[in-house]
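Okay, so here's the structure we're looking at.
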């Protein structure tokens with residue numbers, strides 16, 4: 027089963043500033059992970075340790091200042107080996123000079139067997155198909171269909 | 082927790098014990114694995130909080146612990162929202 031986790035937040039700086047937080051290891055570590063080795067160019071290294079989880083991947087797209095796509099997997103994991111998923115970060119300028127940061131993480135590591143558990147064992151019950159409409163920034167309108175664990179209070 | 086789920090045989094064990102508590106011997110027989118190997122897998126699953134052990138007389142029975150899956154769901158659901166919150170804060174701090 028393919029699942030996609032989507033989430034967004036408005037960050038109080040223009041995309042040109044925010045973009046650096048995805049390509050500069052020192053800035054990246056201010057918000058995620060505790061060790062990073064980055065080579066922000068297509069095919070470049072994306073190594074990030076998050077609380078003991080060794081995330082290993084490559085930069086796939088580096089489009090300043092609007093988009094970064096990295097491959098994402100966990101070293102030593104059979105279910106989610108390095109390069110097995112992709113995470114996309116999209117930066118869109120807002121009318122107020124801030125940046126809307128969107129994360130899309132398809133095929134996040136939710137093991138197949140979890141969906142075959144009895145419903146009362148399954149966190150959040152049945153998964154929900156969520157239809158999410160971007161309110162539109164700079165004419166970029168899109169609709170994201172995602173099958174995920176819905177957390178409406180957070181995303 | 083993801084490491085605990087990585088081995089296919091551990092996923093097979095979880096499927097077996099999700100419906101009813103089972104002793105190691107029955108699990109091993111169903112999996113076609115040795116009791117020693119299954120005991121090891123169960124220990125890993127137990128340490129990850131995915132399986133509970135309970136005693137019934139002299140037998141030790143293993144069963145899925147649904148709370149373990151709740152915490153995994155929480156990990157998945159909280160990863161990006163929590164990190165994006167930190168990103169907003171980090172950028173705000175950097176701008177001042």
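Protein chains in written order, with my numbering: chain A, 27 to 181; chain B, 82 to 177. For every residue, glycine included, the Cβ atom is placed at its ideal position computed from N, Cα and C. Note that the structure is predicted; figures quoted are calculated from it, not measured.
Check, Outcome
"To which residues of the same chain is residue 113 of chain B closer than 8 angstroms at the C-beta, ignoring the five residues directly before and after it?", "none"
"Under 8 angstroms by Cβ, that's how I've got residue 41 of chain A and residue 92 of chain A pegged, so tell me the actual separation to the nearest angstrom.", "6 angstroms"
"For residue 139 of chain B, is the classification buried or exposed, using 16 other Cβ atoms within 10 angstroms of its Cβ as the cut-off for buried?", "exposed"
"Going by DSSP in three states, residue 66 of chain A sits in which element: helix, strand or coil?", "coil"
"Who are residue 98 of chain A's beta bridge partners in DSSP?", "A:111"
"What whole-angstrom Cβ distance do residue 88 of chain A and residue 49 of chain A have, given they're in contact under 8 angstroms?", "7 angstroms"
"Using 10 angstroms around the beta-carbon of residue 151 of chain A, count the other beta-carbons present and answer buried if the total reaches 16, otherwise exposed.", "Confidence in residue 151 of chain A is poor, its pLDDT being 35 and thus under 50, which makes the residue's placement too unreliable to answer from."
"On a Cα-Cα basis, can you pick out the residue from A:76, A:67 and A:38 that is closest to residue 95 of chain A?", "A:67"
"Which term fits residue 137 of chain B, buried or exposed, when burial requires 16 or more other beta carbons within 10 angstroms of its beta carbon?", "exposed"
"Look up residue 16 of chain A in the DSSP assignment and give the residues it is bridged to.", "No information on residue 16 of chain A is available, as it lies outside the stretch 27 to 181 that chain A covers here."
"Considering only residues of the stretch 105–138 of chain B, which uninterrupted alpha helix (DSSP H) runs meet the minimum length of 4 residues and lie entirely inside it, listed in chain order?", "105–112 and 116–128"
"Does the Cβ of residue 34 of chain A have 16 or more other Cβ atoms within 10 Å, making it buried, or fewer, making it exposed?", "buried"
"Cβ atoms of residue 82 of chain A and residue 69 of chain A: under 7 angstroms apart, would you say?", "no"
"Given a threshold of 16 other Cβ atoms within 10 Å of its Cβ, counted over all protein chains shown, does residue 172 of chain B qualify as buried or as exposed?", "buried"
"Among B:168, B:135 and B:177, which has the Cα closest to the Cα of residue 102 of chain B?", "B:135"
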